[in-house]
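The opening residue of the sequence shown carries number -2 in this note's numbering; numbering runs sequentially from there. Cβ atoms here follow ideal geometry from the backbone N, Cα and C, with glycine treated the same way. Computed from a predicted structure; not experimentally measured.
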Amino acid sequence: MLTEAKGQFDILLLTVKYNVMREMTNKVSFTTNVLFMMLNNSTFIIQWIILFHLKKEIGGYGMRKIMLLWALAASSYGLAHIFFHRAFSLSELITEGKLDAFLVQPKNVLLSVISSTTSPPAMGDLLYGFVLVFFTGISVRRLFLFTLFTITGGLLYTAFAVAAGSLSFWITRGDLLAVNLTNTMINFSTYPDGIFKGVIKVALYTLIPIGFYIYLPVKVILLPKLLSLLWVLLAVTIVTGIAFFLFYKGLRRYSSGNLMSARI
């Protein structure tokens, strides 16, 4: 089992490597995409500087904590789209019957699908996150935790996207639902959790696991607690398990679009 898992991981790394190399064939375009994404993300600073000039704290967050929040959101998003970019268009592949080419490959179908493309601008997101975190008062321990939660965040975000996309096996035009759900993860992750109360806050730790994606990791980075770390790891495991279950359960219902396509 471990040998098989290692084999799948090696294949994943090779797939991502070739995807990145393919995107880098046009180095000017690739570099421009990365730099402009970093510049685009940087514009948030102006917005928050203005807000914190009017009020010292917002939802229990000061400027440094907001920067850490944005850094982790950007790096997790970047990692997910570098390694698993196709997870965010999975519903379209299902509804348009374009999974055929992946079903005949001697690899894990889900991993083969979601790792089949990469997003060059996402590298700007990943780099931006690691650059920004150094302005929040970094240390070796914080950098280690930030890197760990970038990985868990990327996995959780991807798993949630897969779970949402897999609903298209059962729901007509499930792509609209999947897009809205994944966008919700991003939209909520860039605001302090302190501004959300009651039912909404409960939903952010259950139905849409943004709490384990961003909020709890930020708290652990600032004040490490083993129990909180274990909760994050448990959430990633559960959501990933749900994603795999929904995809393979739905795959039994999959109807080919009879499209003659091949991947290189």
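Whole-angstrom distance between residue j and residue i, CA atom to CA atom
i                 : j                 : result
phenylalanine 99  : valine 110        : 6 Å
isoleucine 277    : threonine 149     : Outside the modelled stretch of the chain, which goes from -2 to 261, sits residue 277, for which no answer is possible.
phenylalanine 141 : threonine 169     : 43 Å
isoleucine 63     : histidine 50      : 14 Å
methionine 35     : tryptophan 228    : 31 Å
isoleucine 55     : threonine 187     : 13 Å
leucine 271       : valine 130        : Here the chain covers residues -2 to 261 and nothing more, so residue 271 does not appear.
tryptophan 45     : leucine 66        : 12 Å
valine 13         : alanine 77        : 11 Å
isoleucine 47     : phenylalanine 127 : 24 Å
valine 321        : tyrosine 15       : Only positions -2 to 261 of the chain appear in this structure, which leaves residue 321 out of reach.
tyrosine 251      : tryptophan 167    : 9 Å
Residue of the options minimising C-alpha distance to residue i
i                : options                        : result
glycine 191      : Thr203, Thr179, Tyr212         : Tyr212
proline 117      : Asn38, Thr29, Lys222           : Thr29
leucine 231      : Ala175, Lys198, Phe146, Val176 : Phe146
phenylalanine 85 : Tyr251, Ala175, Val199         : Ala175
6 Å CB neighbourhood of residue i in its chain, flanking five on each side removed
i           : result
serine 163  : Leu243, Phe244, Gly247
leucine 90  : Leu96
alanine 70  : Ser186, Thr187, Ile211
glycine 171 : Ser88, Leu164, Ser165
alanine 240 : Ala156, Val159, Ala160
7 Å CB neighbourhood of residue i in its chain, flanking five on each side removed
i                : result
leucine 32       : Gly121
phenylalanine 81 : Ile111, Ser112, Thr155
valine 17        : Thr115
Contact under 7 Å by Cβ, residue i with residue j
i              : j              : result
valine 236     : leucine 178    : no
isoleucine 205 : threonine 234  : no
valine 217     : leucine 226    : yes
arginine 83    : threonine 133  : no
leucine 108    : serine 72      : no
alanine 119    : isoleucine 183 : no
Chain-order list of residues whose beta-carbon lies under 8 Å from that of residue i (same chain, five-residue window excluded)
i            : result
serine 39    : Tyr125
serine 258   : Reliability of the predicted coordinates at serine 258 is poor, the pLDDT of 42 falling under 50, and the value obtained from them is presented with this limitation in mind. Correct list, in chain order: Lys95, Asp97, Ala98.
leucine 201  : Phe185, Asp190, Phe193, Ile207, Gly208, Tyr212
arginine 249 : none
glycine 59   : Phe49, Lys53
N-terminal and C-terminal residue of the alpha helix (DSSP H) that residue i is part of
i                 : result
glutamine 44      : 41 to 51
glutamate 89      : 87 to 92
leucine 174       : 171 to 186
phenylalanine 166 : Note, phenylalanine 166: premise wrong, no alpha helix (DSSP H); not H, not E.
aspartate 122     : 117 to 129
lysine 62         : 60 to 80
valine 101        : Unbroken run through valine 101: none, as it is neither H nor E.
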